[in-house]
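Student: Pasting in a structure now, in structure tokens, and then I'll have a few things to ask.
Numbering (this note's numbering), first residue to last: 947 to 1086.
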């Protein structure tokens, strides 16, 4: 038989994030096993900053010591608290345009037809103008 449907409002992980990685493995509601080795790879090798609250609260991530920071465990003391102060984030209603401008301008910089600073300034200018023409208020 199929598993019972789950509520879309709150997950077990959100209610008890520290328990999901107690032994390095997590069982999801559909009896599939997921290893945290993927998260460790992302954190240790790709230097990713997770956007998932359970991972942000995971002792492995919070206590990870970085050579770059003189062996300090800066995630738990600096970066996680800083991330909590960011607030909400909303994508623009015209992200395709923004990404298209970024691709074109950064492509110009990569091919050495302009500097990266000029490329990013160009994106800022064209996206701001586009947003204003769409009726959005643009803050400097």
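Virtual Cβ for every residue (Gly too), placed ideally from N, Cα, C.
As the structure is a computational prediction, the values presented were derived from the model and not from experiment.
Check the C-beta distance from residue 1076 over to residue 1040 and give it rounded, since I have them as a contact under 8 angstroms.
Tutor: Residue 1076 to residue 1040, Cβ: 7 angstroms. Contact.
Student: Counting only runs of 4+ residues fully inside the stretch 1014-1060, write out the alpha helix (DSSP H) ranges in chain order.
Tutor: Here the runs fully enclosed are 1026-1030 and 1041-1056.
Student: What does DSSP give as the partner residue(s) for residue 1012 in the beta ladder?
Tutor: According to DSSP, residue 1012 bridges with 1018.
Student: Given 8 angstroms as the limit, is there contact between the stretch 1029-1045 and the stretch 1068-1084, that is, 3 or more CB pairs closer than that?
Tutor: Touching, yes.
Student: Can you list, in chain order, the residues of its chain whose CB lies under 8 angstroms from that of residue 1067, leaving out five sequence neighbours each side?
Tutor: If we look at residue 1067 and ignore the five residues flanking it on each side, it has no Cβ neighbours.
Student: So is residue 973 buried or exposed if we call it buried at 16+ other beta carbons inside 10 Å?
Tutor: Low confidence applies to residue 973: its pLDDT is 40, below 50, so where it sits in the model is not reliable enough to give any reading.
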